[in-house]
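> Can you read through this structure? Questions will come right after.
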Amino acid sequence: MKSRQSRITHVPLARWLIIEFTGLFIISLLWSLHSVLAGYSAFIGGLIFIVPNAWFVNRVYRYQGARNAHLMVGNLFRAETTKIALTAIFFAAVFTLMEPVYVPALLFTFAVMVLAGGALRWLIRPQPRR
Amino acid sequence: MEMVFIAAAIIIGMGALATGIGFGILGGKLLEATARQPEMANQLQVKTFIMAGLLDAVPMIGVGIAMYLIFVVAG
């Protein structure tokens, strides 16, 4: 039992979230120099990426190990589908429910966060523990 | 107006198709590699996870642009 537990991969979700939120605050502050509307639009654009992505990470690492490989792959597909659906729902909600939105700031921040998120997972990888 | 919806449908559809093919190959290779070397399962999962993040970057941006077309440009 002990050896099984020691092989669990540590996912640095908290570190990722802290770095992503720090980056998001900086981008939002930069956009708020343009206008307050652009600032909060940028913040919402970042949140649209961060929330579904945190869900994705949580679901993907629910199962680990060779015995659970089929569950892992199934969870990967389900998590990806849910992530894209959540992103579409959040965008639809923002565009319909929030009346004044500065769209360039929203889409730019979302695109930057998507690209930065991929790079962040490449730089700070989950560490398999032996 | 209809052209905007067609454009959004093409963006989402092509993105979904490409992501589906990519994730199918990725998941298949993960299962194949895990069956060959079960002791590498955790490291393979990490690599799959990183590749999944890179794979869905462009479709995610496509979904954002498509929602903008549907709800702002056409709406």
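Going down the list, the sequences are from chains A and B.
Letter 19 of the first sequence, counting from 1, is numbered 19 in my numbering, and no numbers are missing.
To convert, count from 1 in the second sequence and add 130; that's my numbering.
Beta carbons: idealized from backbone N, C-alpha and C, even for Gly.
Tell me whether LYS2(A) is buried or exposed, calling it buried when 16 or more other Cβ atoms sit within 10 Å of its Cβ.
Because the pLDDT at LYS2(A) is just 45, under 50, the model does not fix this residue reliably, and the point stays unresolved.
> Spatial neighbours of SER32(A) within its chain, please: CB distance less than 6 Å, with the 5 preceding and 5 following residues excluded, ordered by chain position.
GLY39
> Considering only the alpha carbon of each residue, which of LEU160(B), ASP186(B), PRO189(B) lies closest to LYS177(B)?
When LEU160(B), ASP186(B), PRO189(B) are compared, the shortest CA-CA separation from LYS177(B) is found for LEU160(B).
> Is the region 83-92 of chain A touching the region 50-58 of chain A, taking contact as three or more C-beta pairs under 8 Å?
yes
> Decide if GLY194(B) is buried, meaning its Cβ has at least 16 other Cβ atoms within 10 Å, or exposed.
Buried is the call here.
> Who are the Cβ neighbours of PHE179(B) in its own chain at under 7 Å, not counting the five residues just before and after it?
The answer is none, since no qualifying residue turns up.
> GLY45(A) lies in the alpha helix (DSSP H); which residues open and close that run?
36-60
> Going by beta-carbon coordinates alone, are PRO12(A) and GLN173(B) separated by less than 8 Å?
no
> Against LEU184(B), what residues of chain A qualify as contacts under a CB-to-CB distance less than 7 Å, listed in chain order?
GLY118
> Between the region 82-98 of chain A and chain B, which residues of the former have a C-beta closer than 8 Å to a C-beta of the latter?
Listed in sequence order: LYS83, ILE84, THR87, ALA88, PHE91, ALA92, PHE95, THR96.
> How big is the Cα-Cα spacing for ALA163(B) and LEU147(B)?
Rounded to whole angstroms, ALA163(B) to LEU147(B) spans 24 Å at the Cα level.
> Does any residue of chain B have a CB that is nearer than 8 Å to the CB of THR109(A)?
no
> At a Cβ threshold of 8 Å, is PHE135(B) touching chain A?
no
> Please classify GLN173(B): does DSSP put it in a helix, a strand, or coil?
helix
> What does ALA187(B) touch in chain A if you count any residue whose Cβ is under 7 Å from its own?
VAL114, LEU115, GLY118
> How far does the alpha helix (DSSP H) with GLU80(A) in it extend, from its first residue to its last?
69-97
> Applying a beta-carbon distance threshold of less than 7 Å, which residues of chain A neighbour ILE141(B)?
The contacting residues do not exist; ILE141(B) stays about 11 Å from chain A at best.
> Comparing the C-beta of GLY65(A) with each C-beta of chain B, is any distance below 8 Å?
yes
> CA-CA distance, GLY152(B) and MET181(B)?
10 Å
> Excluding five sequence neighbours on each side, which residues of the same chain lie with their C-beta closer than 6 Å to the C-beta of LEU24(A)?
GLY46
> Taking Cβ positions, are VAL112(A) and SER41(A) nearer each other than 8 Å?
Pairing VAL112(A) with SER41(A) gives a Cβ-Cβ distance that is not under 8 Å.
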